[in-house]
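Asker: Going by the UniProt record's numbering, the residue at position 73 of the sequence shown is 73; the numbering climbs one at a time, nothing skipped. For each residue, glycine too, the CB sits at the ideal point set by N, CA and C. All figures in this text were calculated on a predicted structure; none of them were measured in a lab. One structure, pasted below without further comment.
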Amino acid sequence: MMAVTNVVVVESPAKAKTINRYLGSDYTVIASFGHVRDLPPKDGSVRPDENFAMSWQTDERGTKQIATIAKAIKGAKTLILATDPDREGEAISWHVRSALSEKKLLKNIDVQRVTFNEITKKAIATAMAAPRDLDQPLIDAYLARRALDYLVGFTLSPVLWRKLPGSRSAGRVQSVALRLICEREAEIEVFKPREYWSIDGLFSTPQKAEFKARLTHLAGRKLEQFDLSNEASAVQAREAVKNAAFGVAKIERKRTKRNPAPPFTTSTLQQEASRKLGMSAQVTMRTAQQLYEGVDLNGETIGLITYMRTDGVTMAAEAVQAIRAHISQSFGERYCPAKPRAYSTKAKNAQEAHEAIRPTDATRTPAQVASALTPDQRRLYELVWKRAVASQMQSAEIDQTAVMLSEPTDQIRLRATGSIIAFDGFLTLYIEGRDDSSDDDQTRLLPAMNEGDALSTGAVTADQHFTQPPPRFSEASLVKKMEEIGIGRPSTYASILGVLRDRNYVRLESRRFMPEDRGRLVTAFLTSFFERYVDTGFTASLEEQLDEISGGREDWHSVMSSFWNDFSATVDKTKDLKISDVIDALDEDLGNHFFPPREDGHDPRRCPSCETGRLGLKLGRHGAFLGCSNYPECRVTRPLAIDDGSQDDSLKDGVRVLGQDPETGDDITLRRGPYGLYLQRGEPDPDNKKIKPKRSTIPKTLSSETITLDDAVGLLSLPRLLGNHPETGEKVEAGLGRFGPYVKMGSIYGTLGKDDNVLTIGMDQAVSALARKLASIRTLGTHPKDEENVMVRKGRFGPYVQHGQTVATLPKDRSMDDVTLDEALTLLEEKGKPLKGGTRKKAAKTTKTATTRKKASSSTTPRKKATSSSKRTTTTKSRATKKTP
């Protein structure tokens, strides 16, 4: 067998599997499983005084992957780093090279960097033929961003913990996103609705065809929005319209063109998937990653879309030609414009080095690949495919008609508008979603009429309206806003939104972000004492500097020094900051939120108990709360609770019936328990209390408002069989545990992301999760007694060997890689104990108690000492009881 001469490193096993099919036997493709190194999560990992030197740490998984790569490159001629074509991908390649260089393993090995925008045979062959060196400016930009985020987090978070107890950490970009959400909520709270009225009339043409028109002019003057501000003026206007005779004064007709939207960028994909598919940004990006890395089509793993982290809207010339050919063939020549469409992005700080997100093959329609995809993959691929194809289609043509109605004196006018699609163009395939509920594409056709026609007046109505506050941010609109002002990068939007929810700073209600009190306190604190560093303009300017670094136009050390000098000086100023100063600032900033004005005019801060004290914001050991100024004489307090979504008003008496189980006919109910919401099928058996109804928790991907009967049936039926593992042949199941969704193969459990939908995940995703887990497990062989595998695994307190439910800890001088099957069998025989130690622990405790009692009864020690010992035992038990949650 010929020695392997080329080793290729990519990020994920799925990507490695796909690429491995396209390369010959001279190549070995290995997954790094993302970053192999990171900054240790402790102070001092970035040292500003040493020109921002960084200490990198390799975790257990990274160490194993580096060892695997090191073993593979022995005797190899070339190491090819083929990670993703962006700043993060460049950083992963740099970490791999650096880790190997530190071990002096790259002697006589040519290290090359290749990138490709799609995982297809042609794209990979083209990339392999044109290798390059690592892009140092991109690496510098990564280092600067990593140092910035680290220094802000590890410098600002301790200030938060000391000055604002109960708060969590503060991130550089997350804090700005949180500020946007909180400021929007403040706008909504102070918003004062204004009343206005509109007048609509129903009219008939001489041919008895009816249409509606709205009043635009009254008493010879054009009406503004608030001219009819009350019912009296609206009724007067309505009567004026009723008593007048109208005719057609003027008809305006014009044809307009509507152009298609450009193909997706990361941001627009997240926005549209949120609007049309209801997907969170994290689910969207995870599903897109799967489509990019490849799915199994007729026994071949094929990447279906191009790289999904991009802010470019251009497509490769050959891809545009292929799409145009498909349009002509499938829709007809009239749907294909004379020349290709060209797009440019309007996003701030956009880097158009990468293509837009598009299908790798336009002829591979959603219908053709649907059977090979999970529901989420199918819906997202259809969205990407339609958007990319529609972007090169002909414009839609719309005939718009406006009719002006007037009475003989021309003092009163009404206007009727209508439109009809004359040529659907790209609309035949794709209609872009909108943040509001309006439907601009609905055709409104007016009846045929001519100028001078007399009209019959029918019903005339006066409708009351109120101005609406600005809407809360949805995931789509928040991502759009962040992109517009230039904070964050396409690859960071999903994680930013996830962090805000994980820290309980915000919650989603009806798919809109609402800040929690905790989030508002943090924002108020940061804007009061670190205003510059949560300013959108300042954060956007930092992003521009990072882009300058990636383009080789700025030195990253200089950018960091400029930032750090000002930032550290600002932090130093807070050392002498008193808690009372913080309280006063927050109380002033959030007073209207916690104590809104009362309708009866009384002081909202007056204590309802002592009536002399004043309610205000206070800080305790466990965080902020509202209390009376007469404390401790008056102990009126109110916690600032975090609503976990369990306060759903539709849960009458804590229960809501979702429907009946299709198999048993039992009611499936949504219930509120002491630990949140859960599902239940049926009711307890009154005659046999040991038989309990089936119950299930609700994953974070679902809320009380969005959960359906089908979701509930699926959750109550878990675990779900996915099939057999493609390599081991073992059964793979998906389930939901106390720590979230998981996949299981035998005794191996793989953790899924908290936003993964356990009801729809497929085998590919399960294999990836199990692969990550198996990276920390080594199978030694089968046990001679029952042929079940004996494994060595990494535990919380060190490595151990396991056979079934029996485990034994490895000696301290033995590593996971050194232990043999014979050693493991000996350890299990001599030191093995049950994996679940509850029974064993209890038995040990009982034996110990019995022994103690026996000694006490046979002892000749004076009773006084025995009593003292008894007291000590009782005290110890009491303390232990106190510590138990």
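Could you give the first and the last residue of the continuous alpha helix (DSSP H) run that contains Pro85?
Answerer: Where Pro85 is concerned, there is no enclosing alpha helix (DSSP H), given that its DSSP letter is neither H nor E.
Asker: How many angstroms separate the CA atom of Leu202 from the CA atom of Leu215?
Answerer: 11 Å
Asker: Kindly indicate the opening and closing residues of the beta strand (DSSP E) around Phe423.
Answerer: Arg413 to Phe423
Asker: Using three-state DSSP, classify His95 as helix, strand or coil.
Answerer: helix
Asker: Short of 8 Å in beta carbon distance, which residues of its chain neighbour Ala249, apart from the five on each side in sequence? Order them along the chain.
Answerer: Met404, Leu405, Ser406, Asp410, Arg413 and Glu451
Asker: Going by beta carbon distance, what residues of the same chain come within less than 6 Å of Tyr335, once the five residues before and after it are set aside?
Answerer: Ile327, Met393 and Gln394
Asker: Touching or not, the segment 35 to 43 and the segment 101 to 111, by the rule of three or more beta carbon pairs under 8 Å?
Answerer: Touching, no, given that fewer than three Cβ pairs across the two stretches are closer than 8 Å.
Asker: Comparing C-alpha positions only, which one of Asp376, Tyr749 and Thr314 sits nearest to residue 914?
Answerer: Nothing about residue 914 can be read from this structure; the chain reaches only from 1 to 885.
Asker: The beta strand (DSSP E) with Leu297 in it runs from where to where?
Answerer: Val295 to Leu297
Asker: If the criterion is Cβ atoms closer than 8 Å, does the pair Ala130 and Phe116 meet it?
Answerer: Result no, Cβ atoms of Ala130 and Phe116 do not sit closer than 8 Å.
Asker: Output yes or no for whether 8 Å exceeds the beta carbon distance between Gly735 and Pro719.
Answerer: With contacts defined by Cβ atoms closer than 8 Å, Gly735 and Pro719 form a contacting pair.
Asker: Using 8 Å as the cut-off, can you tell me whether the segment 74 to 86 makes contact with the segment 171 to 180, which would need three or more C-beta pairs spanning the two stretches below that distance?
Answerer: no
Asker: How should Phe466 be labelled, buried or exposed, when 16 other C-beta atoms within 10 angstroms of its C-beta is the threshold for buried?
Answerer: exposed
Asker: Comparing alpha-carbon positions, which option in Gln468, Val506 and Val460 lies nearest Leu478?
Answerer: Cα-wise, what sits closest to Leu478 is Val506.
Asker: Could you pull out every residue in the same chain whose Cβ sits closer than 6 Å to the Cβ of Ala459, ignoring the five residues on either side in sequence?
Answerer: Cβ within range, chain order: Leu202.
Asker: With a 10 Å radius around its C-beta and 16 neighbouring C-beta atoms as the bar for buried, classify Ser371 as buried or exposed.
Answerer: Ser371 is classed as exposed because its beta carbon has fewer than 16 other beta carbons within 10 Å across all chains shown.
Asker: Following the continuous alpha helix (DSSP H) through Trp564, name the residue where it begins and the one where it ends.
Answerer: Here the alpha helix (DSSP H) through Trp564 covers Trp556 to Lys573.
Asker: Compare the Cα-Cα distances from Ile384 to each of Ile431, Leu617, Ile199 and Thr5 and report the closest residue.
Answerer: Checking the sequence shown, residue 384 turns out to be Val, not Ile. The option with the nearest alpha carbon to Val384 is Ile431.
Asker: What is the DSSP secondary structure of Asp399, counted as helix, strand or coil?
Answerer: strand
Asker: Quick one: what does DSSP say Arg605 is sitting in, helix, strand or coil?
Answerer: coil
Asker: For Arg179, which three-state DSSP category applies?
Answerer: helix
Asker: Short of 8 Å in beta carbon distance, which residues of its chain neighbour Leu577, apart from the five on each side in sequence? Order them along the chain.
Answerer: Lys163 and Phe529
Asker: Grab the span of the beta strand (DSSP E) containing His217 for me, first residue to last.
Answerer: Start and end: Glu210 to Leu218.
Asker: Could you check the C-alpha separation between Leu828 and Thr301 for me, to the nearest Å?
Answerer: 42 Å
Asker: Kindly indicate which residue of Arg520, Ser568, Asn630 and Val571 has the alpha-carbon position closest to the one of Asn592.
Answerer: Arg520
Asker: Quick one: give me the first and last residue of the beta strand (DSSP E) that Gly110 is part of.
Answerer: The amino acid at residue 110 is misidentified as Gly; the sequence shows Asp. It spans Asp110 to Arg113 - the beta strand (DSSP E) in which Asp110 sits, taken as one unbroken run.
Asker: Would you tell me roughly how many angstroms separate the C-alpha atoms of residue 888 and Leu617, rounded to the nearest one?
Answerer: Any answer about residue 888 is impossible in this case: the structure gives the chain only from 1 up to 885.
Asker: Please go through the same chain and pick out, in chain order, the residues whose beta-carbon is closer than 8 Å to the beta-carbon of Val499, but skip the five residues on each side of it.
Answerer: A distance below 8 Å between beta-carbons, with the five flanking residues on each side excluded, links Val499 to the following residues of its chain, in chain order: Gly171 and Gln174.
Asker: Can you check whether the CB of Glu90 is closer than 8 Å to the CB of Tyr150?
Answerer: For the pair Tyr150 and Glu90, the CB atoms are not nearer than the 8 Å cut-off.
Asker: I need the DSSP call for Lys845, collapsed to helix, strand or coil.
Answerer: Model confidence at Lys845 stands at a pLDDT of 41, short of 50, so the residue's coordinates are unreliable; what they give is reported in the following sentence. If DSSP states are grouped into helix, strand and coil, Lys845 belongs with the helices.
Asker: Do Ala396 and Asp424 come within 8 Å of each other at the CB atom, strictly closer than that value?
Answerer: For Asp424 and Ala396, yes; Cβs fall inside 8 Å.
Asker: Would you kindly check if the distance between the Cβ of Gly714 and the Cβ of Leu780 is under 8 Å?
Answerer: At least 8 Å separates the beta-carbon of Leu780 from that of Gly714.
Asker: Looking at the strands, I want to know which residues DSSP matches up with Gln57.
Answerer: Asp38
Asker: Roughly how many angstroms separate the alpha carbons of Val10 and Ala186, rounded to a whole number?
Answerer: 46 Å
Asker: Ala524 by DSSP, collapsed to three states: which one?
Answerer: helix
Asker: Using the DSSP secondary-structure output, state which residues sit across from Gln394 in a beta bridge.
Answerer: Note: Gln394 is not bridge-paired with any residue in the DSSP secondary-structure output.
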